[in-house]
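>
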Amino acid sequence: MAFRIHDTLAARKKEFVPVNEGKVGMYFCGMTVQDEPHVGHMRAAITGDMFRRYLESKGFEVTFITNFTDVDDKIIAKANEEGVTYEEVARRNIEKYLWASDALNIRRASIYPKATEHIPEIVDLIQVLIDKGHAYQSGADVYFIVSSFADYGKLSKKKVDDLRVGARVEPGEQKRSGLDFALWKGAKEGEPYWDSPWGRGRPGWHIECSAMSMKYLGDTLDLHGGGTDLIFPHHENEIAQSEGATGKEFVRHWVQNGLVRLTGEKMSKSTGHFFAMSDILKEVDAEVLRLYLLSTHYRSAIEFSRERLAEAAEAMDRFRNLFIALDEVLGDRESLGPVNSELLGERERGLLGIVTKAHNGFGEAMDDDLNSARAIGHLYELVREANAFMAGGEVTTAGKQVLRDLENAIRSFGGILGLFGKPQEDLEVPEDIQSLVAARVEARTARNWGEADRIRDELQARGWVLEDKAGGTRIKRVR
RNA sequence: GGCGGCAUAGCCAAGAGGCUAAGGCGGCGGUCUGCAAAACCGCUAUUCUCCGGUUCGAGUCCGGAUGCCGCCUCCA
3 MAFRIHDTLA
13 ARKKEFVPVN
23 EGKVGMYFCG
33 MTVQDEPHVG
43 HMRAAITGDM
53 FRRYLESKGF
63 EVTFITNFTD
73 VDDKIIAKAN
83 EEGVTYEEVA
93 RRNIEKYLWA
103 SDALNIRRAS
113 IYPKATEHIP
123 EIVDLIQVLI
133 DKGHAYQSGA
143 DVYFIVSSFA
153 DYGKLSKKKV
163 DDLRVGARVE
173 PGEQKRSGLD
183 FALWKGAKEG
193 EPYWDSPWGR
203 GRPGWHIECS
213 AMSMKYLGDT
223 LDLHGGGTDL
233 IFPHHENEIA
243 QSEGATGKEF
253 VRHWVQNGLV
263 RLTGEKMSKS
273 TGHFFAMSDI
283 LKEVDAEVLR
293 LYLLSTHYRS
303 AIEFSRERLA
313 EAAEAMDRFR
323 NLFIALDEVL
333 GDRESLGPVN
343 SELLGERERG
353 LLGIVTKAHN
363 GFGEAMDDDL
373 NSARAIGHLY
383 ELVREANAFM
393 AGGEVTTAGK
403 QVLRDLENAI
413 RSFGGILGLF
423 GKPQEDLEVP
433 EDIQSLVAAR
443 VEARTARNWG
453 EADRIRDELQ
463 ARGWVLEDKA
473 GGTRIKRVR
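Residues 3 to 481 in my numbering are what the first sequence lists, from first letter to last.
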């Protein structure tokens, strides 16, 4: 089956065909580490992670790169504000990014290149652009000549003439045209700098991505992603720089994820801590957040709200409850043996058919531009059918074998989405809670319902929920 | 002002012309339960913002209107 991806440049879905058969080189813009990562950064990272996982599941050998732009005006400003070095600001925020990334079960990238560690590559690329007439030095700065690149605007569908009206020139800049953008910025007094043919300075914003992506992935990347807000100017400028220098197609498939919005408020770091991942993960289960973000197609905008998260938490519990139920019913999966279709009754055969159908449905949904929302729908169908099967009569050995296959299907689909990765945590039930449960079991045995209910209410107030099953009483932690 | 996107049930959200408009949350009714919880079953959009058009047939294509959003050199 063909894997189709919506390509921003072509403005339509295209079949995914990598440059080198069986291998994929993909680059997702990480962040400029002036501040802590927020949900928006993580949505982009999850999108990239999902692309990577799906491609690997299809047998591709993937090199996945996410960069850190670790020097720029804002990082320097932040450092000055705090009286620390720019390296310190960058280091701290990179650490937080990786921490949030791990929490969300985003697999570590193959490489996390940093701009400051690729100055020679950046300088070389700028030199090539100057040599080819795409760039010029002006004072201590070097600028890209937008008018020298005929295709400028092809990604963002902008016309150079329209852009000219709104072009800005910062004080101190000496550009020939307002559209030209900086490749290299001369260092002012007290700013960090690197030596270059044009004097001491630092790279401009876009050039690091061109230099680093092509260094590790070659002149043509199979996949390049980031948020839609990067289409212009960032990705547009990357195309101009890269194709201007190499004369080759820079990226085969451009994928941009929709932005995360916040009810009422503008998404901004100054309106509160709510967006910082370090704060969000204090109150929200990371896996629930991931499920929530994947429940909407990656290209759509998504609203971030506690209400939506609470709904996602309820939905996640359906999976968790099923896994618990399957643990009880299946016991040791190892000893079950393979499904023998000869020995299946009608119920088992029906369930097996549903597993097969879900396999096809999941694959079709993911092949269609990674439609995780539709794919997750198939997961819920498996949950409902598994529960119905268990509730519908005795589970024979053949039934267990099919249920085991069903569970494997959910876990393998979940693996592609980065869900259900962590083993069920064996929660420690405190002594006092345990004794309350025991007291209630006693009260129930004595048919003292008033006391039993009182204890249940008390447990609930303390955050524990009871489930009386045929085999005994189970206790679960809520939130 | 320029370019682009979106508008589907109470809420969220799939749906690249044609089987009964996925799925989740919530609600209502039922089964199970001492009562609950979990789970299951049934119901919860005769209709897809509105108006035209193309077509044998449109939520899906085209034109227009309205509303919301993004980008137009800070932005994942």
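Ideal placement from N, C-alpha and C gives every residue a C-beta, glycine not left out.
Would you mind reading off the limits of the alpha helix (DSSP H) that contains residue 63?
Locating residue 63 in the first sequence gives position 61, counting from the first residue. Residue 63 -> not in any alpha helix (DSSP H); beta strand (DSSP E) instead, spanning 63-71.
> Use the C-beta contact count for residue 467: other C-beta atoms within 10 angstroms, 16 or more gives buried, fewer gives exposed.
Here residue 467 corresponds to residue number 465 of the first sequence, with the count starting at 1. Burial call: exposed.
> Taking the alpha-carbon positions, what's the residue 159 to residue 62 distance?
Translated into the one-based positions of the first sequence, residue 159 becomes position 157. Translated into the one-based positions of the first sequence, residue 62 becomes position 60. C-alpha separation (whole angstroms): 31 Å.
> Per DSSP, residue 253 is paired with what?
Here residue 253 refers to the residue found at position 251 of the first sequence. Residue 253 pairs with 223.
> According to DSSP, is residue 275 helix, strand or coil?
Taking the first sequence and counting its residues from 1, the one referred to as residue 275 is at position 273. Residue placement at residue 275 is poorly supported in this model, since its pLDDT is 41, which falls under 50; the coordinates still yield a value, given next. The answer is helix: DSSP assigns residue 275 an H, G or I state.
> If you run the structure through DSSP and keep just helix, strand and coil, what is residue 207?
As a first step, residue 207 is located in the first sequence; it is residue number 205 there, counting from the start. Here residue 207 sits in coil by DSSP.
> Using the Cβ count rule (16 or more neighbours within 10 Å means buried), how would you classify residue 414?
Start at 1 with the first residue of the first sequence, and residue 414 comes out as number 412. With fewer than 16 Cβ atoms within 10 Å of its Cβ, residue 414 is classed as exposed.
> Cutting at 8 Å between CB atoms, please list the residues of its own chain near residue 228, excluding the five before and the five after it.
Here residue 228 refers to the residue found at position 226 of the first sequence. Cβ neighbours of residue 228 beyond the five flanking positions: 30, 31, 46, 236, 237, 258 and 259.
> So is residue 199 buried or exposed if we call it buried at 16+ other beta carbons inside 10 Å?
As a first step, residue 199 is located in the first sequence; it is residue number 197 there, counting from the start. If you draw a 10 Å sphere on the C-beta of residue 199, you find fewer than 16 other C-beta atoms in it, and that means exposed.
> In chain order, which beta strand (DSSP E) runs of at least 3 residues are fully inside the region 329-395?
none
> Can you tell me which residues form a DSSP beta bridge with residue 33?
Within the first sequence, numbered from 1, the residue matching residue 33 stands at position 31. BP columns for residue 33 point to 70.
> Can you find the residues in the same chain that come closer than 6 Å, C-beta to C-beta, to residue 368, ignoring five residues on each side of it along the sequence?
Looking up residue 368 in the first sequence gives position 366. Closer than 6 Å at Cβ, skipping near neighbours: 56 and 377.
> What is the C-beta distance between residue 17 and residue 6, in whole angstroms, given that I count them as a contact (C-beta under 8 Å)?
What you label residue 17 is simply residue 15 of the first sequence in a count that begins at 1. What you label residue 6 is simply residue 4 of the first sequence in a count that begins at 1. Residue 17 to residue 6, Cβ: 6 Å. Contact.
> Once the 5 residues before and after residue 311 are set aside, which same chain residues still bring their CB inside 8 Å of it?
Along the first sequence, read from residue 1 onward, the residue named residue 311 stands at position 309. The residues are 286, 290, 291 and 294.
> Once DSSP output is grouped into helix, strand and coil, what is the label at residue 467?
Residue 467 sits at position 465 when you count from the first residue of the first sequence. Residue 467: strand per DSSP, three-state reduction.
> How about the region 175-191 and the region 214-228: do they share at least three Cβ pairs that are nearer than 8 Å?
no
> What separation, rounded to the nearest whole angstrom, lies between the Cα atoms of residue 115 and residue 220?
Counting from 1 along the first sequence, the entry for residue 115 is found at position 113. Counting from 1 along the first sequence, the entry for residue 220 is found at position 218. Taking the straight line from one Cα to the other gives about 15 Å.
> Output the boundary residues of the alpha helix (DSSP H) element that contains residue 55.
Along the first sequence, one-based indexing puts residue 55 at 53. Counting along the chain, the unbroken alpha helix (DSSP H) around residue 55 starts and ends at 41-59.
> List the whole-angstrom C-beta distance separating residue 95 from residue 19, where the pair is believed to meet the contact cut-off of C-beta under 8 Å.
By 1-based counting over the first sequence, the position of residue 95 is 93. By 1-based counting over the first sequence, the position of residue 19 is 17. In fact, because the Cβ distance is near 36 Å, the residues do not count as touching under 8 Å.
> Would DSSP call residue 146 helix, strand or coil?
As a working note, residue 146 is residue 144 in the first sequence. Here residue 146 sits in strand by DSSP.
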